[in-house]
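First residue of the sequence shown: 34, per our numbering; consecutive thereafter.
Single-structure report; data block below.
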Amino acid sequence: MSQAPAASAARATPAMAPVRSVERIEVIDILRGVSILGVILMNMSGYAGYSMEFDGMTTINRIVALFLRFFVQAKFYTLLSFLFGWGMAIQMERAKSRGRRFVPFFVRRLLALLLIGLVHAILIWDGDILVTYALLGFSLLLLFRNRSTKTLLIAAAICILIPVLISTPGPAEDFRNWFSRITAHYLQAMLEGRQANVLAQGSYLEAVVHRLKSLRYGYSQAMYWATHVFGMFLLGLYAGRRRIFQNIAQHLPLFRKVMWWGLIVGVVCNLTFTAVSASPSLVPSAYYDLATRGARTIGGPALCLFYISAIVLLVQRKTGLGQLSHFASVGRMAMSTYLSQSIVCTLIFYGYGLGLYGNLGPAIAFILSLVIYRIQISLGAWWLDRYRFGPAEWLWRSL
């Protein structure tokens, strides 16, 4: 394995070679590492098979579930989405500066990402995000790579707000009810697998079949989540085009402004989402979707932008950089870490592994998430002392 990455790097064109350590922006690696922590904290409910419904929970489990909804849910895959858009801008800039063709390279990278994502989603875990990133990446490339920064901001705002508009009462509610009826058979097929306890007791092949049904239902609901992922792509592309992270010192006032507005909007929206999801009677039933999905759709990206800005500002201090630098090794091999989380956790919880699915509550699963992530920090640092990038990253570049 030590020779393969080196050979791959040697064959790569100068414009498209992996980013050398001296070229890396450490805060970006830290942000990626933090996002992967948030991903495992939230994904653990799917791995472990515990319900996020509050009825019947112990006090400690309820506290952890509330914490996850307020601080984690919809905050970290949106952070990864932002970084995906930023990464596209950087790749475009590097290709342009060296007179290389960007589009064929990026299409190949998206196709490779799609292949890796499909293998992950079907054979390992159906909560995959890589397929979504690949498919939306083609739209980003086709429609927005040469748009003005003003257009990117306007389009981002529209995309993020679409699920909010769909969640309003009146005609939108009629549309939601109609859409639920036409996709009900997808939901039923997925629920039958859960009721049969396929993941806890079934064979690997049965789990694969269940994953296919879950994926079909999940993507049938894409209008509720894909547009705000795409909106974060656009914000990341905007930040990359503006070279905000390459010139942090010049943009400190912007980071401070975004941090405070992100905090204010994020707290208001996530308090609404968390409170109403825990106690639906707080609002009239016609406004439930708006107070939950709608509030989360705005609150997730808002707190995400708060996290980004707060981390950037903290890293400007030597003490802050020292405290957060451990996340960088995970960030440099984010895909490998993400995929390994799925492999490890499905082997722990699914029937073809240890079969602990449904046996752990949010509190114990939360601790397990932290333990797994801490081990990944150490393994990531060990790996990067020996190799240039992670195994999944090497595969992605080699395909």
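Note that the Cβ used here is the ideal one computed from N, Cα and C, for glycine as well.
Small disclaimer: the values here were computed from a predicted structure and weren't measured.
Asked: As assigned by DSSP and simplified to three states, the class of residue 387; Found: coil
Asked: The segment 66–73 / the segment 365–373 touching (three or more Cβ pairs under 8 angstroms); Found: yes
Asked: Contact under 8 angstroms by Cβ, residue 82 with residue 233; Found: yes
Asked: Residue 420 versus residue 360: straight-line alpha-carbon distance, rounded; Found: 17 angstroms
Asked: Beta-carbon proximity list for residue 237, same chain, < 6 angstroms, skipping 5 on both sides; Found: 385
Asked: Residue 228 - containing alpha helix (DSSP H), residue span; Found: 217–228
Asked: Under 8 angstroms between C-beta atoms of residue 270 and residue 121; Found: yes
Asked: Three-way DSSP call (helix, strand, coil) for residue 393 in this model; Found: coil
Asked: Segment contact flag, the segment 89–101 with the segment 392–402, C-beta cutoff 8 angstroms, min 3 pairs; Found: yes
Asked: Straight-line Cα distance separating residue 170 from residue 136; Found: 12 angstroms
Asked: Residue burial classification, residue 256 (beta-carbon count within 10 angstroms, cutoff 16); Found: exposed
Asked: Among 167, 69, 366, 161, nearest to residue 139 - alpha-carbon criterion; Found: 167
Asked: Beta-carbon proximity list for residue 459, same chain, < 8 angstroms, skipping 5 on both sides; Found: In the structure as shown, the chain starts at 34 and stops at 432, and residue 459 therefore has no counterpart that could be examined.
Asked: Continuous alpha helix (DSSP H) assignments of at least 4 residues falling wholly in the segment 98–181; Found: 109–130, 136–156, 163–177
Asked: Endpoints, the alpha helix (DSSP H) within which residue 350 is located; Found: Premise fails: residue 350 is in no alpha helix (DSSP H) and is neither H nor E.
Asked: Contact under 8 angstroms by Cβ, residue 387 with residue 380; Found: yes
Asked: Residue of 308, 60, 66, 58 minimising C-alpha distance to residue 410; Found: 66
Asked: Spatially closest choice to residue 290 from 335, 266, 317, by CA coordinates; Found: 335
Asked: Where residue 89 falls: helix, strand or coil (DSSP); Found: coil
Asked: First and last residue of the uninterrupted alpha helix (DSSP H) at residue 372; Found: 367–382
Asked: Check whether residue 439 and residue 330 have beta carbons under 8 angstroms apart; Found: The requested residue 439 does not occur in the structure, where the chain is confined to residues 34 to 432.
Asked: Same chain, Cβ closer than 7 angstroms to residue 55, neighbours up to 5 away in sequence not counted; Found: Legend: pLDDT at residue 55 = 41, less than 50; position of this residue unreliable, no value from coordinates given.
Asked: C-beta atoms of residue 266 and residue 118 nearer than 8 angstroms; Found: yes
Asked: Three-state class that DSSP yields for residue 55 in the structure shown; Found: With a pLDDT of only 41 at residue 55, under the threshold of 50, the placement of this residue in the model should not be trusted; the figure read from the coordinates follows. DSSP places residue 55 in helix when its eight states are reduced to three.
Asked: Neighbour-count burial assignment, residue 442, 16 or more Cβ in a 10 Å radius; Found: Summary: the structure shown does not reach residue 442, with the chain confined to residues 34 through 432, and so no result is reported for it.
Asked: Rounded C-alpha distance that separates residue 353 from residue 344; Found: 8 angstroms
Asked: Residue 264 versus residue 365: straight-line alpha-carbon distance, rounded; Found: 24 angstroms
Asked: Among 428, 378, 423, 427, nearest to residue 78 - alpha-carbon criterion; Found: 378
Asked: Environment of residue 224 [buried if 16+ CB atoms lie within 10 Å]; Found: exposed
Asked: Stretch pair the segment 212–220 + the segment 246–261: three plus CB contacts closer than 8 angstroms; Found: yes
Asked: Alpha carbon of residue 59 to alpha carbon of residue 363, nearest angstrom; Found: 12 angstroms
Asked: Coarse secondary structure for residue 201, derived from DSSP in three states; Found: coil
Asked: Helix, strand or coil at residue 317 according to DSSP, with G and I counted as helix; Found: coil
Asked: Check whether residue 200 and residue 323 have beta carbons under 8 angstroms apart; Found: yes
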